[in-house]
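Structure first, then comments.
There are 2 protein chains.
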Amino acid sequence: MAGSVRSREGSSKVLGSLEQEILDVLWKRDEATGKTVHADIKTVRDIAITTVLTVLERLAKKGYIKKLKGESVFVFRPAFSKEEFAREVSNGVLRDIFEISRAGACASFVDALAETDPLELDKLSALIEHKKKELAKDR
Amino acid sequence: MAGSVRSREGSSKVLGSLEQEILDVLWKRDEATGKTVHADIKTVRDIAITTVLTVLERLAKKGYIKKLKGESVFVFRPAFSKEEFAREVSNGVLRDIFEISRAGACASFVDALAETDPLELDKLSALIEHKKKELAKDR
DNA sequence: AATTATATTCGACAAGCCGTAGAATGTCAA
DNA sequence: TTGACATTCTACGGCTTGTCGAATATAATT
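Here is the structure:
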C-alpha cells in the first residue's frame, strides 16, 4: 500500500527506497520524531537510528520535509501532502517525457490509469473539461 | 526540440544527459554508426569517440538501443520509437506516482498538457472515451 | 555538580550510475 | 608488415543513496 516512487529496473527514480519509506511514515503520522520513524521502520527491517536520522536530514535539505523544534526534541513533517508531492513530481517528469513524445505519454497515462483505477477515467475527463473552460476564459 | 528526460533539480531522472543526447541522434537518424553519432554530437560539444561508444554500449545493455552488425561496422538503432519509449518510461513512473496519489498525478498531468499543448487536451479526451468503451466491451 | 541517558551532528564507506577517455586489442587493406 | 580505423577494456572522478560509528551536545538523574 505504501507507494514506491522507484521504478524497478533502474529506469527512472524519484526518491531512494529508504527516503520513500520514511516519507510514507511521515505521511501516515503527519509528524514524528526520528525515534518514532525509526521504530516504525524497525518493525519491518533492522536499521540503525542514525541511518534514519541521516536520511531525514537529507530529505529536509531537499525540501521534502520540515524539521521543527518540538518540546525538547526535533520533529519532522512532510513539506507537502501526498497530493502536492505527486503533483510536483509528476509535473517534472511529465514535462520531460512530453518533450520526447506527448502522444506516447498520453497513451500510457490513460493505460496506467485505466488499469489502476478505471473509475478515475471519468474524473480525468471532468478535469479536462474544466481545464478547457479555464483556458477558454483566459483569453 | 530534442527532449531531455532529466529533471533539472535532481528529483527524478530517466536517462543521463549524454544518453539522452545519443538517443536523440538515433531517433533522428533511425540508425547510425558510433562514428556518425560522435560526429553529430561533436558539432555541438567536444567529446571523445570512445565516450560515445561507451554510452552506446551502456544503452544497448539497458535495452534501449540495438547493436547490429552492418557491413564491416556496427550500427546502432533505437529499440523503441520515441512514442514507445515515452510510453514505456511514463508507464513505470506513473504507476509509481499513482501509488502516492492518483489525484495529484492526474491534476498535474492535465496541467502539464494544457501548458505544453492545449490542443492535445481534446485528443486526450478522445483517448479516454476510447478506453472506456474498450473497458466496457471487455466485460 | 557528577554521572548517566538521550538526542543530534559529523564524517565516512560502499555501491551504483554517469560522463569521460586513454590504452589495448582486433581487423582489414595497401 | 605496416598502418588506419573499429571495438573493447579498464578506470577515474563526481554525485546519490543506504548504512553507520564516533563524537558531541543536551537533558535527566542521582
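Here the protein sequences line up with chains A and B, keeping their order. Quick note on this note's numbering: the first sequence kicks off at 1 and runs consecutively. Quick note on this note's numbering: the second sequence kicks off at 1001 and runs consecutively. We put the beta carbon where it would ideally sit given N, CA and C, even for glycine. Please read these numbers as outputs of a predicted model, since none were measured by experiment.
Once the 5 residues before and after R77/A are set aside, which same chain residues still bring their CB inside 8 Å of it?
Reading the first sequence from its first residue, position 77 is the one you call residue 77/A. Here the set comprises L26, D30, E31, A32, I65, K66 and L68.
Just the C-alpha distance for R1045/B and H1038/B, rounded to the nearest angstrom, thanks.
If you number the second sequence from 1, residue 1045/B lands on position 45. If you number the second sequence from 1, residue 1038/B lands on position 38. About 10 Å.
With a Cβ-Cβ cutoff of 8 Å, do R95/A and E1120/B count as a contact?
The residue labelled residue 95/A in the question sits at position 95 within the first sequence. The residue labelled residue 1120/B in the question sits at position 120 within the second sequence. In this structure, E1120/B does not lie closer than 8 Å to R95/A by Cβ.
Cβ closer than 9 Å: which chain A residues qualify as neighbours of L1135/B?
Counted from its first residue, the second sequence places residue 1135/B at position 135. Neighbours of L1135/B on chain A, chain order: A114, P118 and L121.
Counting C-beta neighbours from all protein chains within 10 Å, is the total for D1024/B 16 or more, i.e. buried, or is it exposed?
In the second sequence, the residue the question calls residue 1024/B occupies position 24. Buried, because 16 or more other Cβ atoms sit within 10 Å of the Cβ of D1024/B.
Using a Cβ cut-off of 7 Å, which residues of the region 1064 to 1086 of chain B contact any Cβ in chain A, in chain order?
K1082, E1083, E1084, F1085 and A1086
In angstroms, rounded to a whole number, what distance separates the CA positions of T116/A and I1097/B?
Numbered from its first residue, the first sequence carries residue 116/A at position 116. Numbered from its first residue, the second sequence carries residue 1097/B at position 97. Using only the alpha carbons, I get a separation of about 11 Å.
Return the first residue and the last residue of the beta strand (DSSP E) that K1066/B is part of.
The residue you call residue 1066/B lines up with position 66 of the second sequence. Residues I1065 to K1069.
Given S1090/B, which residues of its chain have a CB within under 7 Å of its CB, disregarding the five upstream and five downstream residues?
Mapped onto the second sequence, residue 1090/B falls at position 90. Cβ within range, chain order: n/a, list empty.
With 16 other CB atoms within 10 Å as the buried threshold, where does R139/A fall?
Mapped onto the first sequence, residue 139/A falls at position 139. With fewer than 16 other Cβ atoms within 10 Å, it is exposed.
Along the chain, where does the alpha helix (DSSP H) that runs through R1077/B open and close?
Taking the first residue of the second sequence as position 1, residue 1077/B is located at position 77. Element bounds for R1077/B: not the alpha helix (DSSP H) but the beta strand (DSSP E), F1074 to P1078.
For a cutoff of 8 Å on Cβ pairs, would you count I22/A as touching chain B?
Numbered from 1 along the first sequence, position 22 holds the residue referred to as residue 22/A. Judged by the 8 Å Cβ criterion, I22/A is not in contact with chain B.
Would G70/A be called buried (16 or more neighbouring beta carbons within 10 Å of its own) or exposed?
As a working note, residue 70/A is residue 70 in the first sequence. Exposed, since its Cβ has fewer than 16 Cβ neighbours within 10 Å.
Between G1104/B, G1092/B, K1137/B and V1055/B, which has its C-alpha nearest K123/A's C-alpha?
Here residue 123/A corresponds to residue number 123 of the first sequence, with the count starting at 1. Nearest C-alpha to K123/A: G1104/B.
Compute the distance between the beta-carbons of V1055/B and I1100/B, then report whether it is under 8 Å.
Translated into the one-based positions of the second sequence, residue 1055/B becomes position 55. Translated into the one-based positions of the second sequence, residue 1100/B becomes position 100. Contact: no.
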